[in-house]
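J.: Per this note's numbering, the sequence shown starts with residue 2, numbered consecutively.
Think of the CB as a built atom: it goes at the ideal place given N, C-alpha and C, for glycine as much as any other residue.
Below is a structure I'd like to ask you about.
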Amino acid sequence: MSDDLADFLTAWDLSQYIDTFRTHDIDMKTLPCLTENIIKELIPVIGHRARFLSNLEQWKLIIQGSMPSVNNCVINMFY
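Below, the structure written as C-alpha coordinates:
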(Lines of atoms letter the chains of each structure in order from A and count residues from 1; the text may use other names and numbers.)
(Lines give C-alpha, C1' and ligand atoms only; values in the text may rest on other atoms or scores of the structure.)
Protein backbone atom coordinates (compact mmCIF):
# COMPACT_ATOMS: atom_id res chain seq x y z
CA MET A 1 0.00 0.00 0.00
CA SER A 2 1.23 3.46 -0.81
CA ASP A 3 1.84 6.11 1.80
CA ASP A 4 -0.76 8.22 -0.03
CA LEU A 5 -3.50 5.75 0.83
CA ALA A 6 -2.30 5.54 4.42
CA ASP A 7 -2.48 9.34 4.51
CA PHE A 8 -6.04 9.22 3.10
CA LEU A 9 -7.16 6.68 5.70
CA THR A 10 -5.56 8.75 8.46
CA ALA A 11 -7.17 11.98 7.21
CA TRP A 12 -10.52 10.18 7.03
CA ASP A 13 -10.05 9.05 10.68
CA LEU A 14 -9.78 5.42 9.57
CA SER A 15 -6.13 4.71 10.31
CA GLN A 16 -7.07 1.48 12.09
CA TYR A 17 -7.64 -0.02 8.60
CA ILE A 18 -4.17 0.75 7.20
CA ASP A 19 -2.91 -2.76 7.99
CA THR A 20 -6.04 -4.32 6.48
CA PHE A 21 -5.53 -2.41 3.24
CA ARG A 22 -1.83 -3.41 3.23
CA THR A 23 -2.70 -7.06 3.82
CA HIS A 24 -5.02 -7.02 0.82
CA ASP A 25 -2.54 -5.06 -1.35
CA ILE A 26 -4.94 -2.16 -1.89
CA ASP A 27 -3.30 1.01 -3.10
CA MET A 28 -4.25 4.24 -4.87
CA LYS A 29 -4.50 2.36 -8.17
CA THR A 30 -7.06 -0.12 -6.86
CA LEU A 31 -8.92 2.29 -4.58
CA PRO A 32 -11.35 3.54 -7.28
CA CYS A 33 -12.17 -0.06 -8.26
CA LEU A 34 -13.37 -1.20 -4.83
CA THR A 35 -16.96 -2.34 -4.85
CA GLU A 36 -19.35 -1.96 -1.94
CA ASN A 37 -19.04 -5.71 -1.27
CA ILE A 38 -15.26 -5.51 -1.09
CA ILE A 39 -15.46 -2.46 1.17
CA LYS A 40 -17.93 -4.32 3.40
CA GLU A 41 -15.35 -7.09 3.85
CA LEU A 42 -12.52 -4.65 4.51
CA ILE A 43 -14.46 -2.35 6.84
CA PRO A 44 -17.06 -4.36 8.77
CA VAL A 45 -18.08 -1.54 11.14
CA ILE A 46 -21.03 0.26 9.56
CA GLY A 47 -20.15 3.75 10.81
CA HIS A 48 -16.56 3.44 9.62
CA ARG A 49 -17.71 2.04 6.29
CA ALA A 50 -20.17 4.91 5.83
CA ARG A 51 -17.40 7.43 6.51
CA PHE A 52 -15.08 5.64 4.07
CA LEU A 53 -17.73 5.50 1.33
CA SER A 54 -18.59 9.18 1.76
CA ASN A 55 -14.95 10.23 1.54
CA LEU A 56 -14.28 7.87 -1.36
CA GLU A 57 -17.18 9.34 -3.34
CA GLN A 58 -15.97 12.88 -2.67
CA TRP A 59 -12.45 11.91 -3.78
CA LYS A 60 -13.81 10.28 -6.97
CA LEU A 61 -15.79 13.44 -7.78
CA ILE A 62 -12.70 15.58 -7.36
CA ILE A 63 -10.67 13.26 -9.61
CA GLN A 64 -13.45 13.04 -12.19
CA GLY A 65 -13.82 16.81 -12.12
CA SER A 66 -10.29 17.13 -13.40
CA MET A 67 -10.82 14.27 -15.89
CA PRO A 68 -14.57 14.18 -16.68
CA SER A 69 -14.56 11.40 -19.26
CA VAL A 70 -12.47 8.93 -17.29
CA ASN A 71 -13.88 5.70 -15.85
CA ASN A 72 -13.29 5.22 -12.08
CA CYS A 73 -11.05 2.21 -12.57
CA VAL A 74 -8.97 3.99 -15.20
CA ILE A 75 -8.27 6.91 -12.88
CA ASN A 76 -5.36 4.98 -11.42
CA MET A 77 -3.31 5.60 -14.55
CA PHE A 78 -3.28 9.28 -13.72
CA TYR A 79 -2.67 9.16 -10.00
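Count Cβ pairs between the region 26–34 and the region 49–56 that sit closer than 8 Å; are there 3 or more?
T.: no
J.: Tell me which residue opens and which closes the alpha helix (DSSP H) that T110 is part of.
T.: Not covered by the structure: residue 110. The range shown for the chain is 2 to 80.
J.: Write down every uninterrupted run of the alpha helix (DSSP H) in the region 39–72 whose length is 4 residues or greater and which is fully enclosed by it, in chain order.
T.: 47–67
J.: Helix, strand or coil: which one does DSSP assign to D14?
T.: If DSSP states are grouped into helix, strand and coil, D14 belongs with coil.
J.: Could you give the C-beta distance for I44 and Y18, rounded to a whole number, given that I count them as a contact under 8 Å?
T.: 6 Å
J.: Below 8 Å CB to CB, which residues in the same chain sit around I27 once its five sequence neighbours on both sides are set aside?
T.: M2, L6, L35 and L43
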